[in-house]
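Read through the structure below, which is laid out as structure tokens, and then see the notes.
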Ligand code: PEP
Ligand code: MN
């Protein structure tokens, strides 16, 4: 259940409302916006049914939330969540572009990539130091050495770092270096990992699993938020279907649907959806036109030499062209870059 308060509700009235709810053994969650304050009630709602809530000072309206995700629910928040990324924010008018190689392969390639994507308008640098690979024989990432390279390139370029965490045992290590921790598609329902990152003071980029429904994705976000970390960014990266058009099927409708269901920012990863570089820009434009708050894009100095995901990695020139083409698309839907 959510309780919408009157615009002039006092702190004393808010405390009283929360006490009344908590007396029934439920937890409360406060979301304060410019125009309204929402008290979310988490727990067995049935016990609240007989209370004349509208007679309590400061209460404007009461709604039942039928969806199983509460903290991630749009109704639960007074306004959209904005997640910090360095000096910028994901979920504002500007479309946030994070770009970089699939894997961190070395300091020079990373520094060169940061310089070029930053120049083209990216506001964050991606790169995996711990790589989830379908085959155990594939390159698994440089580990801590890769994290150190990311940190060094951040200090040179000023670009905040987005990098993947694969395991609960890496939590403190990855959090020490990364600005945003990515949970990959294969780990979207690794519930112990979700719980662990929920305890960290770092924003989390949560990718949709390849066979996950949107409800599964939002419940995965709920695991993180339940631990107190509300800085979650959702990412559509393509799902497995019978379509053989591309590596994965980019679920475009997921973007506007998520924007209706949740207050969390939603970004798109057209690179993993496409699997080949000529499809990356069209999917990126479609995502922004559909309301995505940002993009995660793989870029490599020499895609031909990439140790992972070379087929879908853009060259610097291709990334420049993508950014130039993105500007009018963003403007057409009332956004900036
Ligand atoms: C990646 O971002 O390089 C990656 C492995 O993504 P996903 O988890 O979406 O496959
Ligand atoms: Mn990749």
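Residue numbers (my numbering): 210 to 546. Positions of the beta carbon are idealized from the N, C-alpha and C atoms, including for glycine.
- Among the bridge pairs identified by DSSP, residue 337 is matched with 312.
- Judged by the Cβ position, residue 350 fails to qualify as a neighbour of the ligand MN at the 8 Å threshold, every heavy atom of the ligand being at least this far.
- Apart from the 5 residues on each side of it in sequence, residue 242 sits with its Cβ closer than 7 Å to the Cβ of 287, 288 in its chain, given in chain order.
- A distance below 9 Å separates the beta carbons of residue 294 and residue 369.
- When secondary structure is reduced to three states using DSSP, residue 378 falls in the helix class.
- Counting along the chain, no alpha helix (DSSP H) covers residue 271; the unbroken beta strand (DSSP E) around it starts and ends at 268-272.
- Residue selection by CB proximity (closer than 7 Å to any heavy atom of the ligand MN) returns 311, 337, 480, 481, 507, 517, 518 in chain order.
- For residue 290, the three-state secondary structure derived from DSSP is coil.
- Residue 367 is classed as exposed because its beta carbon has fewer than 16 other beta carbons within 10 Å across all chains shown.
- Within the model, the alpha-carbon separation for residue 249 versus residue 262 is close to 14 Å.
- Listed as beta-bridge partners of residue 391 by DSSP are 373, 414.
- Nearest C-alpha to residue 392 among 341, 212, 509, 354: 341.
- In this structure, the CA atom of residue 532 is about 11 Å from the CA atom of residue 506.
- Not one heavy atom of the ligand PEP is found less than 8 Å from the C-beta of residue 488.
- A distance criterion of 8 Å places the beta-carbon of residue 379 beyond contact range of the ligand PEP, judged by its closest non-hydrogen atom.
- Proximity of the stretch 344-364 to the stretch 268-278 falls short of the contact definition, fewer than three beta-carbon pairs being nearer than 8 Å.
- Assignment of residue 366 by DSSP, reduced to helix, strand and coil, places it in the helix class.
- Taking residue 347 as the centre and dropping the five residues before and after it, the same chain places the C-beta of 340, 517 closer than 8 Å to its C-beta, in chain order.
- Boundaries of the alpha helix (DSSP H) harbouring residue 227: 220-231, taken from the DSSP string.
- The beta carbon of residue 408 sits no closer than 8 Å to any heavy atom of the ligand PEP.
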